[in-house]
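Sequential numbering of the sequence shown, starting at 164, is according to my numbering.
Heads up, the beta-carbon is just placed ideally off N, CA and C, and yes, glycines get one too.
All values reported here derive from a predicted model rather than from experimental measurement.
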Amino acid sequence: MDQRKENLAKIKLLRASSALKEVISQALGNLGDELLKGLCVTDVECKRGKYDAFIYLDKMMLDEKEQDYVLRHLKLASGAIEEFCVEALGWYKSPKLHFKFDDSLERQNKMDALFKKVQAELEKGKK
């Protein structure tokens, strides 16, 4: 029975994460800043029973200076984004939003490059 409750709690968090991903993308599109409007939400992870939500953003087209700008301005706009989420989802309260840049694609590209290098070395050794 405890396993079932645990699974249901995980499902609820996943549903909340999915809903937030969609709504936060819409909220970013409604902001006045062109750089913030163009951001892509790659993932949302709810923690502590929907008290915190970690929003992962794609950083591929942004340099380090732009990334700092984005994080500072998202921190300033987080109240408005949280309010948008409450209204759009009909929730009583929004989780505290924490914005981060997603490094997983970068790591994946490095891993792919390493595998290609290893493959080339193996093929070179066979000849």
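Asked, Found
"Under 8 Å: do the segment 248-257 and the segment 172-186 share three or more Cβ pairs, one atom per stretch?", "yes"
"If you follow the beta strand (DSSP E) that K210 is part of, which residue opens it and which one closes it?", "V204 to K210"
"Within the chosen definition, does the segment 188-198 reach the segment 166-177 through at least 3 CB pairs nearer than 8 Å?", "no"
"Classify Y219 as helix, strand or coil using the three-state DSSP reduction.", "strand"
"Pop quiz: T205 and L220 are said to be a contact at Cβ under 8 Å. What is the actual Cβ separation, rounded to whole angstroms?", "7 Å"
"Which of helix, strand or coil does DSSP assign to K256?", "coil"
"Return yes when the Cβ of V207 is within less than 8 Å of the Cβ of F247, no when it is not.", "no"
"Please name the residue, chosen from Q230, F262, D226 and S188, that lies closest to K238 on a Cα-to-Cα basis.", "F262"
"Buried or exposed, going by whether 16 or more other CB atoms sit within 10 Å of the CB of E245?", "buried"
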